[in-house]
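A short write-up of the structure that comes next.
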Amino acid sequence: MVRKESIFSVFVLMLCILLSANSANAQKKKKTTERFPAKLETYITFDKASAYYTKEGLNNLDSIYMIAFSKDNNRFYKMTITGYDDGEPVTEQTSSLARQRAVMVFKYFASREETEYIIKRTPSYYISSCDGQKEYYIKYKMPFDFRWINLDGNEEAVKEHEGIDLRGKVHIYVEEDAEDCLGAFYDYDYPSTDTVINGTYSKVLMPKGSIAYIHHTKDTVNMDFTAKYEEVMGFDALTSKYFLVPHKKQYIINAGYMVLTPNYKPDYSTCVNEDTAGRSIKIEVFLEKQQQAANLKFFGKTYKPDGTWQYKALKTLKRKDKETGDMWITCEIWPNQLDTIFIGKKIEEKEMSDYFYSASSEDNGSFEAMGGWLRCYKLDRNGKMVIKDKMQAVLRKP
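Residue numbers (my numbering): 2 to 399.
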């Protein structure tokens with residue numbers, strides 16, 4: 002005999018959870034884990050010998066849908082659907098009754114999105130280095146386990162579970178399983194591959210999701226991100242077209258630079274929040290022995306609220322191998338600094354003569370500064386290159 006009071010108790014319990022969730026919806030500061038349960042289950046009743054659920058069964062379906070699929074429920078659920086027959090001798094007409102009932106429940110959830118799958122939208126947020134944080138719904142195919150059991154003549158089948166008669170029922174069990182829901186099969190993937198760009202003297206580590214990501218997944222959003230990389234640090238390449246690090250008020254010695262040109266780069270002058278994504282891109286540069294005492298730093302574009310920018314020193318750290326004495330300098334940059342990153346040092350105008358020789362516009366490697374022309378080397382009578390001591394400490398050896 003069907004224990005209607007047990008089923009009614011389940012429905013009342015779910016209704017209480019739903020009302021509690023709706024009440025909590027007004028309290029924005031409450032955590033979702035306090036509002037929505039990690040596990041949900043109920044039984045859907047069917048008319049005898051029928052694959053159509055009863056009105057009471059429909060009420061239970063609606064209740065569990067309103068809770069599990071609420072637009073405010075940020076849990077990631079999977080579902081197990083188990084159908085049962087009427088526990089009577091199996092005939093040709095009733096042999097597939099348990100399966101038909103399970104299918105009917107599956108179709109209820111799939112029909113809510115008018116798809117062939119059970120679709121859930123879980124509230125999350127999208128973070129962009131330019132647009133800041135925005136609300137975002139992660140749409141995914143809910144993982145499910147589909148079962149059906151004929152109760153008659155099946156010694157292993159249990160016709161009653163926790164006081165509830167299983168005959169003429171479908172059991173729905175919903176439980177949280179974020180990893181299963183967000184796995185690669187469901188078009189979302191946990192961050193697993195970082196991009197590493199290696200140059201002759203440098204290395205750039207760009208974690209997946211550095212430019213934009215969806216919370217919970219850090220999956221890149223609507224784009225395949227790539228970055229072209231150019232490194233100018235060798236003496237010949239640098240001095241043949243030498244210039245100071247661009248700055249309106251200060252003199253910054255250019256000891257080398259790298260250029261990262263991404264295929265996706267927003268107009269940061271119009272960005273809502275340029276720093277949202279955080280300093281996640283790491284740059285590391287190897288220093289030659291003579292450069293270790295030069296106190297070289299990284300310089301990157303720093304944007305102002307009006308969209309203008311200037312080069313400023315970035316926080317530069319040193320890493321030294323105790324056994325070999327080899328040294329690297331490292332820094333971390335914002336995604337909006339994906340452009341030209343310089344290595345150098347800031348000096349006063351009176352120090353310029355300690356680094357450069359006077360030159361003319363016709364001299365190879367000369368550049369314009371301080372109302373005239375300078376270059377970082379000169380040629381002696383024999384055509385041999387001469388470099389000032391302080392400049393030698395900054396540049397890599399010829």
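Don't be surprised by glycine CBs; every beta carbon is placed ideally from N, CA and C.
- Contact annotation: K140 and L206 have beta-carbon atoms that are not nearer than 9 Å.
- In the DSSP assignment, P263 is bridged to A228.
- DSSP places E180 inside the alpha helix (DSSP H), whose first and last residues are A179 to C182.
- Rounded to the nearest angstrom, the gap between the Cα atoms of L41 and S51 is 25 Å.
- The way I'd put it, the stretch 128–148 does touch the stretch 107–120; three or more beta-carbon pairs between them come closer than 8 Å.
- Here A295 is near A394, since their CB atoms are less than 9 Å apart.
- For H162 and I45, the gap between their C-alpha atoms comes out near 14 Å.
- For E176, the three-state secondary structure derived from DSSP is strand.
- Apart from the 5 residues on each side of it in sequence, K135 sits with its Cβ closer than 6 Å to the Cβ of Y127 in its chain, given in chain order.
- The three-state reading of DSSP puts K72 in coil, since its state is none of H, G, I, E or B.
- Annotation: Y230 to N264 spans about 11 Å, alpha carbon to alpha carbon.
- Here S64 is buried. Its C-beta has 16 or more other C-beta atoms within 10 Å.
- Bridge pairing for C332: I284 [DSSP].
- W149 and D166 have their C-alpha atoms spaced approximately 15 Å apart.
- By the 16-neighbour rule on beta-carbons within 10 angstroms, P38 is buried.
- In the DSSP assignment, S125 falls within the beta strand (DSSP E) that extends over I120 to S129.
- In chain order, Y356 and C377 place their CB closer than 6 Å to the CB of M392, counting only its own chain and leaving out the 5 sequence neighbours on each side.
- A residue is called buried once 16 or more other Cβ atoms fall within 10 Å of its Cβ, and P336 is buried on that count.
- Note on the stretch 39–95: whole beta strand (DSSP E) runs with a minimum of 3 residues are 40–46 and 78–85, in chain order.
- In this structure, R113 is the residue among R113, E93 and G58 with its C-alpha nearest to the C-alpha of S71.
- Non-local C-beta neighbours of N151 in its own chain, meaning closer than 6 Å and more than five positions away in sequence, comprise D86, V91 and A99, ordered along the chain.
- According to the DSSP assignment, Q393 belongs to the alpha helix (DSSP H) that extends over D390 to V395.
- Per DSSP, the unbroken beta strand (DSSP E) holding S359 starts and ends at Y358 to A360.
- According to DSSP, residue pairing for K298 in a beta bridge involves G345.
- D381 and R280 have their C-alpha atoms roughly 46 Å apart.
- Partner residues in a beta bridge of H217, as assigned by DSSP, do not exist.
- Within its own chain, the residues whose Cβ lies closer than 8 Å to the Cβ of A314, once the five positions on either side in sequence are excluded, are K298, F299, F300 and K347, listed in chain order.
- The continuous alpha helix (DSSP H) containing K108 extends over residues L98 to S112.
- When C-beta atoms of the stretch 250–262 are compared with those of the stretch 336–345, three or more pairs fall below 8 Å, so the two segments count as touching.
- By the criterion of a C-beta distance shorter than 7 Å, A370 is surrounded in its chain by L245, once the five residues flanking it on both sides are discounted.
- S362 and V197 have their C-alpha atoms roughly 40 Å apart.
- K323 and C182 do not touch by the CB rule: their CB atoms are close to 47 Å apart, not below 8 Å.
- Of the other Cβ atoms in all chains shown, fewer than 16 fall within 10 Å of the Cβ of M386; this residue is therefore exposed.
- L62 is classed as buried because its beta carbon has at least 16 other beta carbons within 10 Å across all chains shown.
- Excluding sequence positions up to five before and after E57, its CB lies within less than 6 Å of the CB of T46, all in the same chain and listed in chain order.
- About 16 Å separates the beta carbons of E285 and R397, which is beyond the 8 Å limit, so they are not a contact pair.
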